[in-house]
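Asker: Residue numbers (the working numbering), protein chains in the order written: chain V, 24 to 210; chain C, -14 to 277. Note that beta-carbon positions come from the ideal geometry of N, C-alpha and C, so glycine has one too. Got a structure for you, questions after.
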Ligand code: SF4
Ligand code: SF4
């Protein structure tokens, strides 16, 4: 029988650069939850999610919206007495769920992240209003831009580009990306 | 004239254009030059990390590699998200030779090599640390007397921690504002997240976070909020009207870049700062507490 690989290790492995992240040292003190500005919108608090990861409750963790509700503000990270980088761990959960295509139904996050990356791989630049407009049906890209301009009187001389310019060496950039990730066809 | 490698980031080409304009204007007044990197790419903000970690670092590393080629010492980013990405990438390049090797293997495709030798700085650090408050004060010809400003640091300028700096109660933004003659308010939410990265993916949460910030600024008698990041600005500004609609509030607090306040106090024309010339006089007239 195969030895079971604990979920805390699986998630730890998803953090290549910050591999010193000691998730299993969590004291369950709740400082992260007390700090989190997005907690009201999470199925389980950050403290609870870490507890669940350690208890190997993989399916329950993955099917929650907690990690996709994390704003990456790193406030929990700088306060954790056990030195856990909780924000990075939330990213690791996002990556794992993207990899396994397993996440709570109805979340915009996974699709948005993918569209964002596609935009960058296509042009080398990003332009949020266009993406935002895709997901906020009430607004068009130009409405978002307009609101930004008029909100408190930003003024410009000259018109704004609605689409990002491609960088010059976009082909090279795409080849750089190909050495990291298999890419589908890019336009 | 001291030169810096300048990485504007995508927002400064579109919604954050006035940040770009005011940055260059203020730099010129202070006798420094920001040299824009050639052919830089998007740093990915918070959207690469959910997809692939190595990709996220590689894309920031490409910008660092381009900066290293200039021979300049400092890599300056005005956007807090760009700053955080470049900073952590640079840190990991130095601490993890394996990661650096992977990244350099990929960068070969663009004939680049990254060594991790840049000093990654946020724009406000350059002004406060390199130029210094005294030199800034000397340039002030129109002090922003009586203007009550909420210094909004946001998240990724101060976090994650870099060394043993004060991440809970930083003071340099307040000191900079005082140097301009303005009155920084005690703003409890100054490092609380504005929800910028959630505005599309979890709008209810983001608007709630924006509302809490606006409320705290107004309750603390701020007449204006100053920011250090285009994402924070767009979030607090563009979505203010939506907050009003959804929370039945009546916020109308102007959001400006700290560079626009610097430029205004230096006597730069509003047009060159990308700022409506009425914003500051109007803010001065209006007590936001009464307005809401
Ligand atoms: S703050 Fe750190 S130690 Fe405390 S519950 Fe959260 S992760 Fe665990
Ligand atoms: S980084 Fe995420 S989990 Fe941590 S406090 Fe911020 S929003 Fe909450």
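Taking the alpha-carbon of residue 73 of chain C as reference, which of V:45, V:85, V:72 and V:97 has the nearest alpha-carbon?
Answerer: V:97
Asker: Interface residues of chain C around residue 200 of chain V at Cβ under 9 Å?
Answerer: 40, 43, 44, 91 and 94
Asker: Check residue 100 of chain V in the structure and name its three-state DSSP category.
Answerer: helix
Asker: Please report how far the alpha carbon of residue 23 of chain C lies from the alpha carbon of residue 62 of chain C, in whole angstroms.
Answerer: 14 Å
Asker: Once you ignore the five residues that flank residue 135 of chain C on each side, which residues in its own chain have a CB closer than 6 Å to its CB?
Answerer: 170, 172, 202, 207 and 210
Asker: How many Å lie between residue -5 of chain C and residue 25 of chain C at the Cα?
Answerer: 9 Å
Asker: Comparing C-alpha positions only, which one of C:-13, C:264 and C:11 sits nearest to residue 115 of chain C?
Answerer: C:-13
Asker: Assign residue 52 of chain C to one of two classes, buried (16 or more other C-beta atoms within 10 Å of its C-beta) or exposed (fewer than that).
Answerer: buried
Asker: Does the distance from the CB of residue 88 of chain C to the CB of residue 46 of chain C come in under 8 Å?
Answerer: yes
Asker: Is the shortest distance between the beta-carbon of residue 146 of chain C and the beta-carbons of chain V less than 8 Å?
Answerer: yes
Asker: What is the DSSP secondary structure of residue 173 of chain C, counted as helix, strand or coil?
Answerer: helix
Asker: Suppose the cutoff is 8 Å on Cβ atoms and the five residues either side in sequence are ignored; what does the same chain contact list for residue 269 of chain C look like?
Answerer: 131, 132 and 208
Asker: In terms of residues, what are the limits of the alpha helix (DSSP H) holding residue 210 of chain C?
Answerer: Note, residue 210 of chain C: premise wrong, no alpha helix (DSSP H); beta strand (DSSP E) at 209 to 212.
Asker: Does any C-beta atom of chain V lie closer than 8 Å to the C-beta of residue -14 of chain C?
Answerer: no
Asker: Count the other C-beta atoms from every protein chain shown that fall within 10 angstroms of the C-beta of residue 159 of chain C, then say buried if there are 16 or more, exposed otherwise.
Answerer: buried
Asker: So residue 125 of chain V packs on residue 85 of chain V, CB below 8 Å; how close in whole Å?
Answerer: 5 Å
Asker: Confirm the yes/no value for this check: CB of residue 73 of chain C, any heavy atom of ligand 2, distance under 7 Å.
Answerer: no
Asker: Suppose you measure from the CA of residue 139 of chain C to the CA of residue 252 of chain C; what does that come to, to the nearest Å?
Answerer: Distance from the CA of residue 139 of chain C to the CA of residue 252 of chain C, rounded to the nearest whole angstrom, comes to 27 Å.
Asker: Exposed or buried, residue 194 of chain C, counting other C-beta atoms within 10 Å across all chains shown (16 or more means buried)?
Answerer: By the beta-carbon neighbour count (other beta carbons within 10 angstroms, threshold 16), residue 194 of chain C is buried.
Asker: Just curious, the alpha helix (DSSP H) that residue 255 of chain C is in, first and last residue?
Answerer: 255 to 258
Asker: Give a yes or no on whether 8 Å exceeds the smallest Cβ distance from residue 64 of chain C to chain V.
Answerer: no
Asker: My parser needs the beta strand (DSSP E) runs of 3 or more residues fully inside the stretch 108 to 183 of chain C; what are they?
Answerer: 133 to 137
Asker: Please tell me whether residue 117 of chain V has its Cβ less than 8 Å away from any Cβ of chain C.
Answerer: yes
Asker: Are there 16 or more other CB atoms within 10 angstroms of the CB of residue 83 of chain C, so buried, or fewer, so exposed?
Answerer: exposed
Asker: May I ask you to report which of helix, strand or coil DSSP gives residue -12 of chain C?
Answerer: strand
Asker: Are at least three pairs of beta-carbons, each pair with one atom in the stretch 254 to 266 of chain C and one in the stretch 119 to 128 of chain C, less than 8 Å apart?
Answerer: no
Asker: Quick check: is any heavy atom of ligand 1 less than 7 Å from the C-beta of residue 104 of chain V?
Answerer: yes
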